[in-house]
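For what it's worth, our numbering labels the leading residue of the sequence shown as 2, then goes sequentially.
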Amino acid sequence: MTSLVLLDHPRGDDHADPLAPITTARPLAEVRVGARLLRERWASAFNLPMHGVIAATRFHGFDEPHSATVLRDDETLDAGTVIAMSAFAPSLQPIEIGESDRWTHDGVVVAATLHERSSVGDVRASGLTAGHTTTPLDGWKLERAWDLIGHLPSMLAADTLLIARGALPPESIPDDVRVLGSFPVRIAASAVIEPFVVLDATQGAIVIEEHAVVHSFSRLTGPFVLGPHSQWMTGSGRTASIGDHCRVSGEVSVAILCGHANKGHDGFLGHSYLGRWTNLGAGTVTSNLKNTYGTVSLGGADTGLQFLGSLLGDHAKTGILTRLTTGSSIGAGANVISDDVVPSVVPAFAWGSRGDRYERTRFFQTVERVMARRSVTLSVSMRTCLEAVYDECASTAR
Numbered sequence: 002m003t004s005l006v007l008l009d010h011p012r013g014d015d016h017a018d019p020l021a022p023i024t025t026a027r028p029l030a031e032v033r034v035g036a037r038l039l040r041e042r043w044a045s046a047f048n049l050p051m052h053g054v055i056a057a058t059r060f061h062g063f064d065e066p067h068s069a070t071v072l073r074d075d076e077t078l079d080a081g082t083v084i085a086m087s088a089f090a091p092s093l094q095p096i097e098i099g100e101s102d103r104w105t106h107d108g109v110v111v112a113a114t115l116h117e118r119s120s121v122g123d124v125r126a127s128g129l130t131a132g133h134t135t136t137p138l139d140g141w142k143l144e145r146a147w148d149l150i151g152h153l154p155s156m157l158a159a160d161t162l163l164i165a166r167g168a169l170p171p172e173s174i175p176d177d178v179r180v181l182g183s184f185p186v187r188i189a190a191s192a193v194i195e196p197f198v199v200l201d202a203t204q205g206a207i208v209i210e211e212h213a214v215v216h217s218f219s220r221l222t223g224p225f226v227l228g229p230h231s232q233w234m235t236g237s238g239r240t241a242s243i244g245d246h247c248r249v250s251g252e253v254s255v256a257i258l259c260g261h262a263n264k265g266h267d268g269f270l271g272h273s274y275l276g277r278w279t280n281l282g283a284g285t286v287t288s289n290l291k292n293t294y295g296t297v298s299l300g301g302a303d304t305g306l307q308f309l310g311s312l313l314g315d316h317a318k319t320g321i322l323t324r325l326t327t328g329s330s331i332g333a334g335a336n337v338i339s340d341d342v343v344p345s346v347v348p349a350f351a352w353g354s355r356g357d358r359y360e361r362t363r364f365f366q367t368v369e370r371v372m373a374r375r376s377v378t379l380s381v382s383m384r385t386c387l388e389a390v391y392d393e394c395a396s397t398a399r
């Protein structure tokens, strides 16, 4: 049976990861883009089972629930396997594979079929092979970390419309919940919408997934997704993609929360990305627009975006009343505590904002405490993976 393998974004000659800090501690295939993870997008587009991911060696052992296996170079892939680039986010619209053996976007090959049995190492080295029959694919290129935010409005609008198409609010919605607009609203039967909630579907579709809860006095404006087992506590959210098991309050605008991310208090989160297991302390605010209204730079590079807030890698934390500047990158595992504006680039596993390093034992103690509060255990293989990430970052700022 034909299966699907994702090939993560190759690194440049300078070994810099163009999608850091988002991909420092997780394969790109496991990153939330639009309304779904990248591997879910590809599996949906091709209607194929996932065989695995070709990613950096530090991710061997990555085993989050339901994640794809990170393949080793000595493993073999059968002829007919479809290899797809993780650095491209296809539309969720299913496509017919038919006789095609190569798929392109803007003239660039983003997926191809293996014509002969090959090792994972060979595929890693050679990339996508040439094909004979080419079919164009709709979607979005992901070349730099900020592309996940720059593309979010258009991507989420398309995603939610497909997911919610034909849906009507269930009859169990209380009479004192107001649904506005004509875009579809899909609410899972197990979701809970408390009284005095406004679901504004005048600008896009809204999706409330299994066992999610929207608490009273909240306003959600589409396109919007609230993932499984997540809670919207209070406040307003628009153009946001909230993953599983998140807790959110305050004001959120154009943002992605990958999963198990917490923004449980007041504060503004705009044009930002929160990796898995991140936590924003009470009163943390992001700036997403320069006073000059010019384009935002991140790490010395002009993003071309007028609006860009903060990108936080997995397990990053902020203290109360933290102020994150326009276009900031907070590395995976960083613990940011500052009574001043935080530097625009904070390295992975930083302690505070003065360049100190998070001591290894203390970092893993924190990880285990945080996960235990959500009844999740850090597996031995996942700890080994995180240790490899920690060691690799010891001499490299991401």
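Heads up, the beta-carbon is just placed ideally off N, CA and C, and yes, glycines get one too.
With a threshold of 16 other CB atoms inside 10 Å of the CB of residue 319, please say whether the residue is buried or exposed. buried
Going by beta-carbon coordinates alone, are residue 424 and residue 296 separated by less than 7 Å? Residue 424 lies beyond the stretch modelled for the chain, which goes from 2 to 399, so this question has no answer here.
Residue from 73, 65 and 43 whose Cα sits closest to the Cα of residue 57: 73
Look up residue 150 in the DSSP assignment and say whether it is helix, strand or coil. helix
Note the first and the last residue of the continuous beta strand (DSSP E) segment covering residue 391. Unbroken run through residue 391 is the alpha helix (DSSP H), 381 to 394; no beta strand (DSSP E).
Roughly how many angstroms lie between the CA atoms of residue 327 and residue 22, to the nearest whole one? 16 Å
Local Cβ density within 10 Å of residue 29, reported as buried at 16 or more and exposed below that: buried
Selection from 46, 388 and 160 that minimises the alpha carbon distance to residue 61: 388
For residue 123, collect the residues of the same chain with a Cβ closer than 7 Å to its Cβ; drop the 5 residues on either side in sequence, then sort them by chain order. none
Is it the case that the CB of residue 346 approaches a heavy atom of the ligand MG more closely than 6 Å? Judged by which ligands are present, the structure shown has none, so any question about the ligand MG falls away.
Pick from 98, 102 and 38 that is closest to residue 87, judged by C-alpha positions: Comparing C-alpha distances from residue 87 to each of 98, 102 and 38 shows the shortest one belongs to 38.
Please return the same chain residues whose Cβ sits closer than 6 Å to the Cβ of residue 372, not counting the five positions on each side in sequence. 379
Of the choices 31, 6 and 253, whose alpha-carbon is the least far from that of residue 259? 31
Coarse secondary structure for residue 15, derived from DSSP in three states: Its pLDDT being 41, under 50, residue 15 is placed unreliably by the model, and nothing is read from it.
Closest residue to residue 329 among 392, 338 and 313 (Cα-Cα distance): 313
Which of helix, strand or coil DSSP assigns to residue 123: helix
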